[in-house]
Every structure is written in C-alpha cells, then in structure tokens.
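A.B. asks: This is the structure I want to talk about, given as structure tokens.
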Amino acid sequence: QRACSVQHRSSSLFSLWLQPLHHKYSPAGNQTRADMNPEAQQDVSVSQGIRMMFYMMKPNETSFQTLEEVPDYVKQATPFFISLMLLELVVSWILKGKPPGRLDDALTSISAGILSRLPSLFSRSIELTTYIYIWENYRLIILPWDSPWTWYLTFLGVDFGYYWFHRMAH
46 QRACSVQHRS SSLFSLWLQP LHHKYSPAGN QTRADMNPEA QQDVSVSQGI RMMFYMMKPN
106 ETSFQTLEEV PDYVKQATPF FISLMLLELV VSWILKGKPP GRLDDALTSI SAGILSRLPS
166 LFSRSIELTT YIYIWENYRL IILPWDSPWT WYLTFLGVDF GYYWFHRMAH
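Here this note's numbering = 1-based position in the sequence shown + 45.
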C-alpha cells in the first residue's frame, strides 16, 4: 500500500509539472489572478522608477508566474524619464542662465531615438511569437518558475547554448 501511495503522489507531482498554465495563481499560491487587485502593480516607488530606466531591477521584482502579472514597465518609467529631462533643463538653465539647447534639436533627437527602436521592435515581435508557438506546441515539462534550481539550470543552459553558438560562428 505504501508503494502505491508513493507512486500516486509522484505521478500527481509529475502531472503538476506537465499541466498547462491555465490556472493562474498568485506567487503566494492562495489567490487566482482574477482575485488579485490589478491596480496594486501600478504603484511604483521612486527607486523602482529610476531603476527601471537603467535596467537595474532586482530579479524578484521582474519574475512573474503568468504573462498577465507583468506590468507595463514603459508606462511606469515614462514619468521618471520625463522628470529627469525636465530636471536637466532646469539645472542647465540655472547654471548657464539659458536653456541647454534648442527645442527643435531636442525633438529631433527624441524622434530619432524612437525611430531607431522600430527595427528591434519588429525583430523582438518575431522572436516572441516564435517562442510562444514553440512553448505552446513542443514543451516537454514546466519547471517551477520560483525555484532556484530552475534559474541555475536555465543559466547553465543558456550559457551552454551561447558557447556552442559562438564556437560554430568561428
């Protein structure tokens, strides 16, 4: 009887790994995503806002179990970006007694910056679409997203893959 219960328990654990992510649970595990307050993720501290602009977020701040939990970082970081631009304008005006540059130059630079991101937006959308297709149709197991072993093994796997990619590029 003990062997049967151990086998049943291990098969149920195995089925948990293989189940699709239809049940969207919170990281705490006691609420579904629909029960959680979506506005709670919109609160951003000044520290987080500045760190978002420079890609300095902590891993636990950027790891989410489901796609729906991922906040819109661009939307959250934009006020901090604009605030720093205005701060630069004010400090330059105070120190030099005049604006730091011309408005048309600033608008041209911002427009060029936005346009320079369009090719990467296109290529990233192809990458993401391909990744989702492969994930939905060819995944073998689901690793627990919050386990340190998942992160260690993923790090080694990505490094191993890059090693072979780099080696074959020579």
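Glycine is no exception: its CB is placed at the ideal position from the N, C-alpha and C atoms.
How many angstroms separate the CA atom of N75 from the CA atom of Y118?
C.D. replies: Taking the sequence shown and counting its residues from 1, the one referred to as residue 75 is at position 30. Taking the sequence shown and counting its residues from 1, the one referred to as residue 118 is at position 73. Because N75 carries a pLDDT of 42, less than 50, the predicted location of this residue cannot be relied on, and the following value inherits that uncertainty. Spanning the two alpha carbons is a distance of roughly 26 Å.
A.B. asks: Tell me whether V203 sits in a helix, a strand or coil according to DSSP, three-state version.
C.D. replies: In the sequence shown, the residue the question calls residue 203 occupies position 158. If DSSP states are grouped into helix, strand and coil, V203 belongs with the helices.
A.B. asks: Could you check the C-alpha separation between G146 and L129 for me, to the nearest Å?
C.D. replies: Mapped onto the sequence shown, residue 146 falls at position 101. Mapped onto the sequence shown, residue 129 falls at position 84. Here the alpha carbons of L129 and G146 stand approximately 16 Å from one another.
A.B. asks: Given a cut-off of 8 Å on the beta-carbon distance, is the pair Q121 and V89 in contact?
C.D. replies: Start at 1 with the first residue of the sequence shown, and residue 121 comes out as number 76. Start at 1 with the first residue of the sequence shown, and residue 89 comes out as number 44. Yes, the pair counts as a contact, with Cβ atoms nearer than the cut-off.
A.B. asks: If you reduce the DSSP assignment to three classes, tell me which class P144 lands in.
C.D. replies: Position 99 of the sequence shown, counting from 1, holds the residue named residue 144. Three-state DSSP puts P144 in coil, outside helix and strand.
A.B. asks: Report the rounded CA-to-CA distance for D149 versus E172, giving the unit in angstroms.
C.D. replies: Here the question's residue 149 lines up with position 104 in the sequence shown. Here the question's residue 172 lines up with position 127 in the sequence shown. D149 and E172: Cα-Cα distance of roughly 35 Å.
A.B. asks: Could you please give the first and the last residue of the uninterrupted alpha helix (DSSP H) stretch that includes Q93?
C.D. replies: Indexing the sequence shown from 1 puts residue 93 at position 48. Its alpha helix (DSSP H) spans residues 91 to 98.
A.B. asks: If P144 sits next to S137, beta carbons under 8 Å apart, how far is it from one beta carbon to the other, in whole angstroms?
C.D. replies: Sequence index remark: in the sequence shown, residue 144 carries index 99 (1-based). Sequence index remark: in the sequence shown, residue 137 carries index 92 (1-based). So it is a contact: roughly 7 Å between Cβ atoms.
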